[in-house]
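Residue numbers (the working numbering), protein chains in the order written: chain L, 906 to 1260; chain P, 206 to 837.
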């Protein structure tokens, strides 16, 4: 509705500002005047490293002065309570967001730990614990987000259109953050496996030397994949030269101990690697869910003025359809003639019979 | 000015979206969801800079136009990015009354006046929403950045500050004042964002001088007010590694009317000239099927495709200034590399299939796993590359179709010869009367360039002959009236602009025949090689930046807003050549000038040049404005 404006600011059809009103030319100079003359009200320079100006304090002082003026005239309306009722959706979303950031912090710690390459200071237990915790967190976050999505779907009836879009976008964004984090987690695990392999090969290099003069026990340290059966075989072999000296025996027992140690060590390594594999598989499922979600949204390279074009295109298509229909309707001349004839016949019959 | 204008504007927008808190590098912070509300000005500013995905990363879940119907979302803060006009303020007050959002962060694109601030305050009071308005900011972002070093003023109501509006004969003083104020406001915002106070040079006696005077005054007043100056504090220290101030050259469109009409040969300028290209988005109509349709409906179903040409597109960044045949070749090369990579991925798949049957050693498997993971992770990259190649193939094909149907290469060659005053091998009359060389607009453009660049005006008889030929071809002659007036006017001023030397060598068809595998069969299109030449704007910039003495630019006025006293002296104080410059054309500019400036910058190390104009038009739009002017 274009109300007639005689002396207001000028604008074109879209309500776009074209210039100030002709009767108030001094408004243009006003921005300069209050800033330079009324110094007490001017805002302090608050750039924050940028190129903008904060007018919040000025705004608040204006509000206070206006309120003071109004207080004398009207009764005070009760101020709105500052604590507003937040919907469950927002509360749950906020909680998930917080958990996400916590897990992310843990993941960063894990990254730092896993990148260490020292041979002896290997905090295997810590790393394993952290890995386990992070994995649990990711799983629980996944479940929470799935629940949130259910909540959104169930509420879709009563929500407004924008609220629904907002909720969906929040869910998608949480999922994509979770996916990014899972990706990082996966790469950390890969780094860890690499380091494990390297450590293993270096350890093997270093511990090759002491067992060099007992060729029997040399072989257990060479195979990668290991099963306990092998080591037992070795132990039997080392005991088979029966009446050996005590030295050999002690050395053999030493080696057995060594072998046992190696065995459990390698066992733990195998377990870790198996854990990593299962984790990667689970992450894969999360990725798949997310890909499905993202496909539904499809907004990766759009720009914000894209919808306008779509709407325009649809309107054009609709226009074409309507024109076609119009043509078809107006083209049915024969139909009109037939109807006209029938009406004339009825009219004549009426007139003849009644007259 | 280490960061480009685009980066600064993007950083300012991101800070605004971060609820006006400085951005932390920490990605582990909790996400805050918000709604972005903008008007059409804000939309134009944001859309070339931030894609929807980037908005989502910043936590924006919904982006809406201010004047649309918006539902209440009661527990989410809203960031407003609007111009401080009456309608927008009214709508904001209405939103406050309807209590649509939880908190309001109001960011105004240019400075809001005190009275409008009071309007909002009173509306907030009556709606009891004062505590909800968390922040009010003046963002000073009233310009649109299209490239790293190119900006335009506005897109929405550019008719009000177009060439036509500035130069029409019946313009009133008040109108002129308003136009000048709009331009100065945007330029002021530009310098605030850039964080530097320039030294201003402008020619005398036209709109550019008026703009320079006003801008100087505004900058001076702002600097004078030491407490509130926008140019002190962190702003100066952060991006500013050069201690020199930039040079700001203001020129008027009337200096050089031939360049906007020129037919061009570089990729970006061609797209702008021939296709529908604005705000870095190309719209191509592909006529698909011709079906028998009832009368009144559209005869052909046209598919509209739109593509975004962004800074992330490496091929575009590399080739937007290249001549068109080079672009065609490069697209072909890219396609070949892509096919090679695709084949490798397929080969890997087949290898994996074979090896799975073997009981291969574990190390071999892990190696293949690693290869496969890398192949899988590089798949998105490959897909993206394919999309870009498709995009450029389509765009280049569309441009090529236009070139072939309108014989634009002939025009280009001829105009280059005209502008460099070398000998012409074909007469103008031949080209104009040739029925299949181009649309009437093209012929009009050619004739206007001929008229503008002629040293002596052609005789009346000649002009009549040309006019007849043009009328036969179906051209509209009103631009010619205006150009005649303009020419008479500028003859009183300096000598007509010299367009520098340029040689155009057609490379002939032989090299084309050698590229038989090329998808772009450019038979009949000459392969023209551009030689370096300087347009008038570039020459003026060169003179001013290098402090050369030249009769053309010696008469330019000199403004330094940092000087304490008046600016009447025209003697430049600065004797050193400038390292940075900003060229602004009042009345409109185009990509040809921009490309010329970019080429000039490439030839010189260590100089940075920004190009700006009040609006961006291609030759067709400019011709329309000229005809409007000629009809008066």
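We treat Cβ as the ideally placed atom computed from N, Cα and C, and that holds for glycine.
>> Is residue 971 of chain L close to chain P? Criterion is C-beta to C-beta, closer than 7 Å.
In response: yes
>> According to DSSP, is residue 767 of chain P part of a helix, a strand, or is it coil?
In response: coil
> Got a sec? Which residues, its chain only, sit under 6 Å from residue 477 of chain P by beta carbon, not counting five neighbours each side?
Replying inline: 796 and 823
>> I'd like the list of long-range same chain contacts for residue 1083 of chain L, defined as Cβ closer than 6 Å, with 5 residues on each side in sequence excluded.
In response: 1046
> From residue 1140 of chain L to residue 1166 of chain L, what does the alpha carbon distance come to, in whole angstroms?
Replying inline: With a pLDDT of only 41 at residue 1140 of chain L, under the threshold of 50, the placement of this residue in the model should not be trusted; the figure read from the coordinates follows. When rounded, the distance between both Cα atoms is 13 Å.
>> Whole angstroms are fine: how far does the CA of residue 519 of chain P sit from the CA of residue 717 of chain P?
In response: For residue 717 of chain P, the predicted model reports a pLDDT of 42, less than 50, meaning its position is unreliable; a value from the coordinates is still stated below. Distance between the alpha carbons of residue 717 of chain P and residue 519 of chain P is about 26 Å.
> By how many angstroms is the C-alpha of residue 1064 of chain L removed from the C-alpha of residue 820 of chain P?
Replying inline: 43 Å
> Can you name, in chain order, every residue of its own chain whose Cβ lies under 6 Å from the Cβ of residue 196 of chain P, other than the five neighbours on each side?
Replying inline: With chain P running from 206 to 837 in the structure shown, residue 196 of chain P is simply not present.
>> For a minimum of 4 consecutive residues, which ranges assigned as the alpha helix (DSSP H) are wholly contained in the segment 1047-1074 of chain L?
In response: none
> Given 8 Å as the limit, is there contact between the segment 783-794 of chain P and the segment 807-815 of chain P, that is, 3 or more CB pairs closer than that?
Replying inline: yes
> Does the segment 412-429 of chain P touch the segment 749-766 of chain P, meaning 3 or more C-beta pairs lie closer than 8 Å?
Replying inline: yes
> Under the three-state reduction of DSSP, which class applies to residue 268 of chain P: helix, strand or coil?
Replying inline: strand
> At a CB-CB cut-off below 9 Å, which residues of chain P make contact with residue 1184 of chain L?
Replying inline: Within chain P, no residue comes near residue 1184 of chain L; the closest Cβ sits about 15 Å away, beyond 9 Å.
> So, helix, strand or coil for residue 528 of chain P, using DSSP?
Replying inline: strand
> residue 314 of chain P and residue 346 of chain P: beta carbons closer than 7 Å?
Replying inline: yes
> Interface residues of chain P around residue 963 of chain L at Cβ under 9 Å?
Replying inline: 319, 322 and 341
> Measuring CA to CA, which of L/1168, L/1257, L/1245 and L/1008 is closest to residue 1035 of chain L?
Replying inline: L/1008
>> So, under 8 Å CB-CB, residue 341 of chain P and residue 960 of chain L are touching, yes? Tell me the CB distance rounded to an integer number of Å.
In response: 4 Å
> Can you list the beta strand (DSSP E) stretches of 3 or more residues lying completely in the segment 367-441 of chain P, in chain order?
Replying inline: 404-407
> Going by the CB atoms, is the gap between residue 799 of chain P and residue 406 of chain P shorter than 7 Å?
Replying inline: no
> In three-state terms, what does DSSP make of residue 827 of chain P?
Replying inline: helix
>> Please tell me whether residue 516 of chain P has its Cβ less than 7 Å away from any Cβ of chain L.
In response: no
>> Is the separation between the beta-carbon of residue 420 of chain P and that of residue 392 of chain P shorter than 7 Å?
In response: yes
> Going by other Cβ atoms of all chains shown within 10 Å of its Cβ, with 16 needed for buried, is residue 469 of chain P buried or exposed?
Replying inline: buried
>> Taking the alpha helix (DSSP H) that residue 822 of chain P belongs to, which residues open and close that run?
In response: Element bounds for residue 822 of chain P: n/a, residue is neither H nor E.
> Of the choices L/1170, L/1256, L/1223 and L/1260, whose alpha-carbon is the least far from that of residue 1029 of chain L?
Replying inline: L/1170
>> If we define contact as Cβ-Cβ less than 7 Å, is residue 598 of chain P a contact residue for chain L?
In response: no
> Name the DSSP beta bridge partners of residue 483 of chain P, please?
Replying inline: P/486
> So residue 228 of chain P packs on residue 239 of chain P, CB below 8 Å; how close in whole Å?
Replying inline: Between residue 239 of chain P and residue 228 of chain P the Cβ distance is about 14 Å, and since that is not below 8 Å, they are no contact.
> To the nearest angstrom, how far is it from the Cα of residue 831 of chain P to the Cα of residue 662 of chain P?
Replying inline: 19 Å
>> In whole angstroms, give me the CA-to-CA distance for residue 211 of chain P and residue 635 of chain P.
In response: 46 Å
> How would you call residue 669 of chain P, buried or exposed, if buried means at least 16 neighbouring beta carbons within 10 angstroms?
Replying inline: exposed
>> Just to make sure I have the definition right: I need the residues of chain L whose C-beta is within less than 8 Å of the C-beta of residue 330 of chain P. Which are they?
In response: 968, 971, 972 and 975
>> Is the separation between the beta-carbon of residue 320 of chain P and that of residue 971 of chain L shorter than 7 Å?
In response: no
>> Going by C-alpha to C-alpha distance, which of L/1111, L/1033, L/969 and L/1006 sits closest to residue 1175 of chain L?
In response: L/1033
> Going by beta carbon distance, what residues of the same chain come within less than 6 Å of residue 363 of chain P, once the five residues before and after it are set aside?
Replying inline: 820
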